[in-house]
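There are 2 protein chains.
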Amino acid sequence: MHDLGFAQHDHAACVATALSTAEATCAAQKLQLTPTRRRVLEILLEEHRAMGAYDILAVLSSEGIGSQPPVVYRALDFLVSNGFAHKIEKRNAYLACAHPGEDHSPVFLICRACDTVAEATLPMADLRRAADETGFLIETTVIEIEGLCPDCRKAA
Amino acid sequence: MHDLGFAQHDHAACVATALSTAEATCAAQKLQLTPTRRRVLEILLEEHRAMGAYDILAVLSSEGIGSQPPVVYRALDFLVSNGFAHKIEKRNAYLACAHPGEDHSPVFLICRACDTVAEATLPMADLRRAADETGFLIETTVIEIEGLCPDCRKAA
DNA sequence: GAAGATATGTTATAATATATCAACCCAAAA
DNA sequence: TTTTGGGTTGATATATTATAACATATCTTC
Ligand SMILES: [Zn+2]
Ligand SMILES: [Zn+2]
Ligand SMILES: [Zn+2]
Ligand SMILES: [Zn+2]
């Protein structure tokens, strides 16, 4: 496990880099990163936190991009399906991927106190081997760990 | 990983044993396994599958136990809080625990074809150690693996 | 330029879950 | 014994999350 995301970072660069990567990936895979899809990804990157679909929709609505639920759910579906964002099932919230284009099995560390969600990765070898022995074919994984992040742990 | 739950079993005994265990555990911990709570657990055990809250409510309603959402959500909250049932976040569904009283970190194997959900356990040592190194305090885990169960894999 | 695939606009509704407050029950304290 | 407090239930209303359905538009390809 690495890259826990609790550290400081240059956020403007972080957003710009991620958007560029997404554009390049979409171009390479002939995926259409349309204005709405791009803007939703940008919002998730800018906010840098897990956001509810309706929180995102409120931003889109304030910008005149769209105010109906399907607008945001369609964009999120595209982003999640293509690995640019993840859904945090425990919160019904969405988060920009911290490892775009890397083909990874994310592990989310969710702080119940400050709501920060960090994306880490875990080698899937063990899990996959164990499941293979039983004959189960793994297609997707949801691994979410809830607790206290280092900062909130100290504060408590 | 063990006890995958895809095998045949004596279901009547399975239900009876689980209910007895739950009664004993509640008595020991001074928890109130009230009629509604007991019946919801029994429904989950009998059905032996992940059920939506409103599916369970339909059964309760047909039995005159209650027809309003809080009835079932309160019972589920009790059962989940006390380890008698689990929520499958990926499906917004609930399942009787296959290891009641064992203090375990469940791993769910969800078949996308037949909707079977098997509960396994995985040693948490690695995950816990890795998180500890980062200072994150693990309180709860959600580990859900979606794919094809052995039967559906063969059929496909 | 017709056909097919993909994306968007729009309205409505489904599915999941919680807030709130009054009433009830039971056990322990005064 | 009466009171008090915690936990549970009944009942109404509402909040939150997500999708169905269908028309329109846009772009590509034949
Ligand atoms: Zn990711
Ligand atoms: Zn925190
Ligand atoms: Zn369990
Ligand atoms: Zn199956």
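From first to last, the protein sequence lines are chains A and B. Residue numbers for the first sequence, in my numbering: 1 to 156. Residue numbers for the second sequence, in my numbering: 1001 to 1156. Note that beta-carbon positions come from the ideal geometry of N, C-alpha and C, so glycine has one too.
Interface partners of residue i on chain B, CB under 9 Å
i                : result
Arg153 (chain A) : Gly1135, Phe1136, Leu1137
Leu109 (chain A) : Ala1131, Thr1134, Phe1136, Ile1138
Pro150 (chain A) : Thr1134, Gly1135, Phe1136, Leu1137
Neighbour-count burial assignment, residue i, 16 or more Cβ in a 10 Å radius
i                 : result
Pro1070 (chain B) : exposed
Glu63 (chain A)   : exposed
Cys1114 (chain B) : exposed
Glu133 (chain A)  : exposed
His1002 (chain B) : Legend: pLDDT at His1002 (chain B) = 40, less than 50; position of this residue unreliable, value from coordinates given subsequently. His1002 (chain B) comes out exposed.
Glu1102 (chain B) : exposed
Pro106 (chain A)  : buried
Pro123 (chain A)  : exposed
Tyr1094 (chain B) : buried
Lys87 (chain A)   : buried
Leu19 (chain A)   : buried
Glu1131 (chain B) : In the sequence on display, residue 1131 (chain B) carries Ala and not Glu. Result: buried.
Ala1098 (chain B) : buried
Ala125 (chain A)  : exposed
Leu1137 (chain B) : buried
Amino acids of chain A, ordered along the chain, whose beta-carbon sits closer than 7 Å to that of residue i
i                 : result
Lys1090 (chain B) : Glu89, Val142
Amino acids of chain A, ordered along the chain, whose beta-carbon sits closer than 8 Å to that of residue i
i                 : result
Ile1043 (chain B) : Per Cβ cutoff of 8 Å: no residues; Ile1043 (chain B) is ~24 Å from chain A at best.
Chain B contact residues for residue i, given Cβ-Cβ distances below 8 Å
i                : result
Arg112 (chain A) : Glu1139
Distance between residue j and residue i (C-alpha atoms, nearest Å)
i                 : j                 : result
Thr1017 (chain B) : Thr34 (chain A)   : 56 Å
Thr1140 (chain B) : Ala1050 (chain B) : 20 Å
Leu148 (chain A)  : Asp10 (chain A)   : 24 Å
Thr1025 (chain B) : Cys1014 (chain B) : 16 Å
Leu57 (chain A)   : Arg38 (chain A)   : 14 Å
Ala1028 (chain B) : Asn1082 (chain B) : 12 Å
Leu1076 (chain B) : Ala1085 (chain B) : 8 Å
Ala156 (chain A)  : Arg1153 (chain B) : 48 Å
Val80 (chain A)   : Ser1067 (chain B) : 36 Å
Glu146 (chain A)  : Glu89 (chain A)   : 12 Å
Leu4 (chain A)    : Asp1055 (chain B) : Residue confidence for Leu4 (chain A) is low, a pLDDT of 48 falling below 50, so the modelled location carries little weight; the figure read from the coordinates is stated next. When rounded, the distance between both Cα atoms is 39 Å.
Leu1045 (chain B) : Arg74 (chain A)   : 37 Å
Ala22 (chain A)   : Val40 (chain A)   : 12 Å
Glu165 (chain A)  : Ala12 (chain A)   : In the structure displayed, chain A extends from 1 to 156; residue 165 (chain A) sits before or after that span and is not available.
Thr1116 (chain B) : Pro1150 (chain B) : 11 Å
Phe78 (chain A)   : Gly1052 (chain B) : 26 Å
Ala118 (chain A)  : Ala96 (chain A)   : 11 Å
Ile1065 (chain B) : Lys1030 (chain B) : 24 Å
Ile1143 (chain B) : Val1059 (chain B) : 28 Å
Thr1036 (chain B) : Arg91 (chain A)   : 28 Å
His1104 (chain B) : Arg128 (chain A)  : 20 Å
Gln1032 (chain B) : Pro1100 (chain B) : 16 Å
Ile110 (chain A)  : Gly1135 (chain B) : 13 Å
His1048 (chain B) : Phe108 (chain A)  : 29 Å
Arg112 (chain A)  : Ser1061 (chain B) : 35 Å
Ala120 (chain A)  : Thr1121 (chain B) : 21 Å
Val72 (chain A)   : Val1072 (chain B) : 31 Å
Near ligand 2: residue i beta-carbon under 7 Å from a heavy atom
i                 : result
Asp1132 (chain B) : no
Cys1014 (chain B) : no
Lys1140 (chain B) : According to the sequence as given, residue 1140 (chain B) is Thr; it is not Lys. No.
Check: residue i C-beta below 7 Å from any heavy atom of ligand 3
i                 : result
Glu1146 (chain B) : no
Ala1098 (chain B) : yes
Pro1123 (chain B) : no
His86 (chain A)   : no
Gly1046 (chain B) : Sequence check: residue 1046 (chain B) is Glu here, not Gly. Checking the Cβ of Glu1046 (chain B) against ligand 3 gives no.
Neighbour list for residue i in chain B, Cβ cutoff strictly below 7 Å
i                : result
Glu146 (chain A) : Glu1139, Thr1140
Near ligand 4: residue i beta-carbon under 7 Å from a heavy atom
i                 : result
Asp1151 (chain B) : yes
Cys1026 (chain B) : no
Thr1017 (chain B) : no
Ala1050 (chain B) : no
Ala1113 (chain B) : yes
Thr1116 (chain B) : yes
Contact test: residue i Cβ vs ligand 1 heavy atom, cutoff 7 Å
i                : result
His106 (chain A) : Before going further, note that residue 106 (chain A) is Pro rather than His in the sequence given. Yes.
Glu119 (chain A) : yes
Quiz item: If you measure beta-carbon to beta-carbon, which residues of the stretch 21-55 of chain A are closer than 8 Å to chain B?
Solution: none
Quiz item: What residues in the stretch 1059-1091 of chain B bring their beta carbon closer than 7 Å to a beta carbon of chain A?
Solution: Glu1089, Lys1090
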